[in-house]
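Participant:
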Amino acid sequence: IYSWHVNWQKDTTVSINNGEYNGYLKEDGTFTISVPSGSYVVEIINPDYMYESVRVEINPKGKFRARKLNFVQPSQVIQVPYPLKLKAITSFNLMQS
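Under UniProt numbering, residues 1 to 97 are what the sequence shown spells out, in order.
(1) For F31, is the classification buried or exposed, using 16 other Cβ atoms within 10 angstroms of its Cβ as the cut-off for buried?
(2) Quick one: what does DSSP say N22 is sitting in, helix, strand or coil?
(3) By a C-beta neighbour count over all protein chains shown, 10 Å radius and 16 as the cutoff for buried, is T90 buried or exposed?
(4) CA-CA distance, G23 and I33?
(5) According to DSSP, which residues form a beta bridge with I44?
(6) Once you ignore the five residues that flank residue 100 on each side, which residues in its own chain have a CB closer than 8 angstroms to its CB?
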């Protein structure tokens, strides 16, 4: 995960399925959260920056597929590379200006 703020790691939480699972960033911006096979929505929570949500599907054999989450067109599938590399799409400070 990437951001522009110097201390962004300590303010950032990785939430899966609205808090069913949570994780925190390491100093290098990476995270690992162990979950069983299934379909999960991964959200990055930070008070200063907005990140795009991603759906990750893990099959029983442990294979991963990740795609952008689209609430407007849920059937639209835009795959994203795995492991995930997420970048802040905007700053909340910019949105308030």
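The beta carbon of each residue, even a glycine, is placed where N, CA and C say it ideally should be.
Facilitator: Taking the structure as given:
(1) Taking the sequence shown and counting its residues from 1, the one referred to as residue 31 is at position 31. Buried is the call here.
(2) On the sequence shown, position 22 is the one that residue 22 refers to. Three-state result, N22: strand.
(3) For the purposes of this step, residue 90 is taken as residue 90 along the sequence shown, with counting starting at 1. Per the 10 Å Cβ criterion, exposed.
(4) Walking along the sequence shown from the start, residue 23 turns up at place 23. Walking along the sequence shown from the start, residue 33 turns up at place 33. Roughly 6 angstroms separates the two Cα atoms.
(5) Taking the sequence shown and counting its residues from 1, one reaches residue 44 at position 44. For I44, which the question treats as bridged, DSSP gives the partners V14.
(6) Past the edges of the chain, shown from 1 to 97, lies residue 100, and the structure says nothing about it.
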